[in-house]
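Asker: Those protein sequences? They're chains A and B, same order as listed. Here the working numbering is used: the first residue of the first sequence is 1, the next is one more, and so on. Here the working numbering is used: the first residue of the second sequence is 249, the next is one more, and so on. Think of the CB as a built atom: it goes at the ideal place given N, C-alpha and C, for glycine as much as any other residue. Note that the structure is predicted; figures quoted are calculated from it, not measured. Please find one structure pasted underneath; my questions will follow.
Number of protein chains: 2
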Amino acid sequence: MAQTHPLNQEVSLSIIKTACSNCNLRELCLPYGLSLEELERLDDLVSTRRRIKRGDHLYRAGEVFDAIYAIRSGFFKTDVLLEDGRDQVTGFQMAGELLGLDGISTEHHTCNAIALEDSEICAIPFSRLEGLSREIHTLQHHFHKVMSREIVRDHGVMMLLGTMRAEERLAAFLLNLSQRFTARGFSHAEFYLRMTREEIGSYLGLKLETVSRAFSRFQEEGHIAVQQKHIRILNVNGLKALMNHRAS
Amino acid sequence: MAQTHPLNQEVSLSIIKTACSNCNLRELCLPYGLSLEELERLDDLVSTRRRIKRGDHLYRAGEVFDAIYAIRSGFFKTDVLLEDGRDQVTGFQMAGELLGLDGISTEHHTCNAIALEDSEICAIPFSRLEGLSREIHTLQHHFHKVMSREIVRDHGVMMLLGTMRAEERLAAFLLNLSQRFTARGFSHAEFYLRMTREEIGSYLGLKLETVSRAFSRFQEEGHIAVQQKHIRILNVNGLKALMNHRAS
DNA sequence: TTTTATGGTTGACTTGGATCAAGCGAACGC
DNA sequence: GCGTTCGCTTGATCCAAGTCAACCATAAAA
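In structure tokens form, the structure reads like this:
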């Protein structure tokens, strides 16, 4: 839909220029709560739009940080590498979510961000964002909320990794995905996974075989229908029950 | 040293008033990088100092958020509760560190902060902090770095919980404590744990028996000397080696 | 001083998920 | 169209950490 018309540079440019002010993700993304006039000022700042092909890096751990990225379309994973070769997926990000917040701390990115499907991102130069948020209170506050939300999300993952068993983790993961797809206007009950079993396992602190077995078991029990990456949730409450089941 | 002189209200007041400008934690805490004049403006904002007794809550999950807290002295833990009764320690905080950042997101605290020893905190009203950081670029930027650092820290914990075995987790934990004590001018090799084995276990996603066994094993192998909560690190490199050992 | 409570250690046994291994199915390049 | 590759599933076995249980140490209460 945001496709370039090679024969008409005018049209193409006007579409490319399309910034926050008429992005349909503005209620999920940074522009949330801004007035029209404020939105236009944010537009000026979000100059760079970039396409990232499936499998390509948006940034790599160690690179200098100078911008955060809003996902306009597509799907990403972030992962951290340990010196000894072990790595862990720290999150999956979809349209409207921000990438790169971890880089502010040291002015270098601390993880890799990799596109799991062809994606489009908006680069937001960080120092300019700080500048603008010194002038626009709403933007400042919303940005703080987004960072804080990331911290809360991480605590949720810590909870998951620290206290839940394999099937609970996977149930929580599916419900979380479902809820985020819903917020973007997609079906809550049917979606395609963009990541492999191994990536899911890495995120959930499990081996891919365990993830696969859990999927099979959920299917046997009628909670979901799995066909490779295509998931249909048949019984949301069943999954929810799985999660809160085992008191320790 | 920051004790009140009951006979001399003048002195006592002047000591109480002692704010960021001559706090010896200012290089670790929010004031980092501020000029003298800026520091004084921050002082105005950090009006409330509070003592929290060991075992008491600084705040509870669900309470309305309106301030973040800087630890002036003492030691805290934060934990999250699941509906089914399971809980997990999400962090241990010491002098100079900030508490409450998770509350910005929803305007309610999402975890409990509990003092593990008698402590003293500075309350920083959040809306006023936002106001001041709109005026003081350095403060704004430093605050963003602190939030980002928290995100990076959480990724580290996720890594630990997702990919490390029990002994690696405990080694990482001890090294992290040691490093933070060092930054505060304490011995890197000898310290008292403020938390129980159960709390360590909760943080590391292990049972208290496993933590206890790992301590014993570290002692047998000559890496540390343990006597209840008193820890002496005898071989830092031994611990570090334990951490990076097992490539998966 | 003894008593009680709380936290820590250690041992015996169990188990959930890892590991190893084989086989299958869909997608892609040739 | 066919082989190759990659990702997924499933089974058999193993082991790290959990569970259960007994006991010890320290500190506070009586």
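Is G304 of chain B near A343 of chain B, with beta carbons less than 7 Å apart?
Answerer: Reading the sequence as shown, one finds Asp at residue 304 of chain B and not Gly. No. Outside cutoff.
Asker: Let me know if K77 of chain A comes out buried or exposed under the rule of 16 or more other beta-carbons within 10 Å of its beta-carbon.
Answerer: Buried, by the Cβ-count rule.
Asker: Can you list the residues of chain B that G205 of chain A reaches, using a CB-CB cut of under 9 Å?
Answerer: Within chain B, the residues near G205 of chain A are M406, L409, G410, T411 and G453.
Asker: When the cut-off is 7 Å and only beta carbons count, does L34 of chain A lie next to chain B?
Answerer: Output row for L34 of chain A: interface = no.
Asker: Thinking R251 of chain A and E120 of chain A are a contact (beta carbons under 8 Å), I'd like their distance in whole angstroms, please.
Answerer: A query on residue 251 of chain A cannot be resolved here, the shown segment of chain A reaching from 1 to 248 and no further.
Asker: Using beta carbons (cut-off 7 Å, strictly below), is L101 of chain A in contact with chain B?
Answerer: Cβ-Cβ to chain B under 7 Å: yes for L101 of chain A.
Asker: Can you list, in chain order, the residues of its chain whose CB lies under 6 Å from that of Y203 of chain A, leaving out five sequence neighbours each side?
Answerer: Answer for Y203 of chain A: V89, listed in chain order.
Asker: Name the chain A residues that come within less than 8 Å of T430 of chain B, Cβ to Cβ?
Answerer: Neighbours of T430 of chain B on chain A: none; closest Cβ ~19 Å, over 8 Å.
Asker: According to DSSP, is S148 of chain A part of a helix, a strand, or is it coil?
Answerer: Reduced to three states, the DSSP call for S148 of chain A is helix.
Asker: Kindly indicate the opening and closing residues of the beta strand (DSSP E) around N483 of chain B.
Answerer: Run containing N483 of chain B: none; DSSP gives neither H nor E here.
Asker: Would you say G201 of chain A and H223 of chain A are within 7 Å of each other, going by their C-beta atoms?
Answerer: Contact: no.
Asker: Short of 6 Å in beta carbon distance, which residues of its chain neighbour L329 of chain B, apart from the five on each side in sequence? Order them along the chain.
Answerer: Excluding sequence neighbours, L329 of chain B sits near D335.
Asker: Would you report the Cα separation of M243 of chain A and A171 of chain A, rounded to the nearest angstrom?
Answerer: Each residue's alpha carbon lies about 6 Å from the other.
Asker: Is the CB of I362 of chain B under 7 Å away from at least one CB in chain A?
Answerer: Chain A, which has no Cβ nearer than 7 Å to the Cβ of I362 of chain B, makes this no.
Asker: Using the Cα positions of Q219 of chain A and S464 of chain B, report the straight-line distance between them to the nearest angstrom.
Answerer: Going from the Cα of Q219 of chain A to the Cα of S464 of chain B covers about 44 Å.
Asker: Taking the continuous beta strand (DSSP E) assigned at A115 of chain A, which residues delimit it?
Answerer: Run containing A115 of chain A: N112 to P125, per the beta strand (DSSP E) assignment.
Asker: Taking the alpha carbon of L408 of chain B as the point to measure from, which residue in A:R134, A:L139 and A:L206 has its own alpha carbon closest?
Answerer: Ranking the options by Cα distance to L408 of chain B, first place goes to A:L206.
Asker: Which residues bound the alpha helix (DSSP H) around T210 of chain A?
Answerer: Here the alpha helix (DSSP H) through T210 of chain A covers L208 to E220.
Asker: My understanding is that S353 of chain B touches S148 of chain A, with C-beta atoms under 8 Å, so please give their C-beta distance in whole angstroms.
Answerer: Right, the Cβ-Cβ distance comes to about 4 Å (below 8 Å), so this counts as a contact.
Asker: Going along the chain, which unbroken runs of the beta strand (DSSP E) with 3 or more residues stay wholly within the region 154-200 of chain A?
Answerer: Runs of the beta strand (DSSP E) inside the region 154-200 of chain A: 190-192.
Asker: For the putative contact between H385 of chain B and F313 of chain B, defined by C-beta atoms under 8 Å, what is the C-beta separation to the nearest angstrom?
Answerer: Not a contact, Cβ separation roughly 25 Å.
Asker: Along the chain, where does the alpha helix (DSSP H) that runs through L284 of chain B open and close?
Answerer: From DSSP, the alpha helix (DSSP H) with L284 of chain B extends over L284 to L293.
Asker: Give the residues from the region 315-334 of chain B that approach chain A closer than 7 Å (Cβ to any Cβ), ordered along the chain.
Answerer: If the cut-off is 7 Å between Cβ atoms, the region 315-334 of chain B has V328, L330, E331, D332, G333 and R334 near chain A.
Asker: Along chain B, which residues have their Cβ under 8 Å away from the Cβ of T210 of chain A?
Answerer: Ordered by position in chain B, no residue passes the 8 Å Cβ test against T210 of chain A, which lies about 13 Å from the chain.
Asker: When the distance is taken between beta carbons, is R54 of chain A closer than 7 Å to N112 of chain A?
Answerer: Not closer than 7 Å, so no.
Asker: Taking all protein chains shown into account, do 16 or more other C-beta atoms lie within 10 angstroms of the C-beta of Y69 of chain A, making it buried, or fewer, making it exposed?
Answerer: So Y69 of chain A counts as buried.
Asker: Determine, for M147 of chain A, whether the minimum Cβ-Cβ distance to residues of chain B falls below 7 Å.
Answerer: Yes - at least one Cβ of chain B is within 7 Å of the one on M147 of chain A.
Asker: Taking just the CA atoms, how far does V146 of chain A sit from Y32 of chain A?
Answerer: Near 10 Å, if we compare the C-alpha coordinates of V146 of chain A and Y32 of chain A.
Asker: Check whether the Cβ of I136 of chain A lies closer than 7 Å to any Cβ atom in chain B.
Answerer: So no, I136 of chain A is outside the interface.
Asker: Quick one: list the residues of chain B neighbouring E130 of chain A, beta-carbon separation under 8 Å, in chain order.
Answerer: By Cβ distance, chain B contributes H385, Q388, H389 and H392.
Asker: The beta strand (DSSP E) with T90 of chain A in it runs from where to where?
Answerer: From DSSP, the beta strand (DSSP E) with T90 of chain A extends over D87 to M94.
Asker: I'd like the list of long-range same chain contacts for E311 of chain B, defined as Cβ closer than 6 Å, with 5 residues on each side in sequence excluded.
Answerer: So the qualifying residues of the chain are H357.
Asker: What is the DSSP secondary structure of Y317 of chain B, counted as helix, strand or coil?
Answerer: Three-state result, Y317 of chain B: strand.
Asker: Can you name, in chain order, every residue of its own chain whose Cβ lies under 8 Å from the Cβ of S178 of chain A, other than the five neighbours on each side?
Answerer: So the list reads H188, A189, F191, I233 and V236, once near-sequence residues are dropped.
Asker: Can you name the residues of chain A whose CB is closer than 7 Å to the CB of Q475 of chain B?
Answerer: What Q475 of chain B touches in chain A: nothing, since even the nearest Cβ is about 27 Å away.
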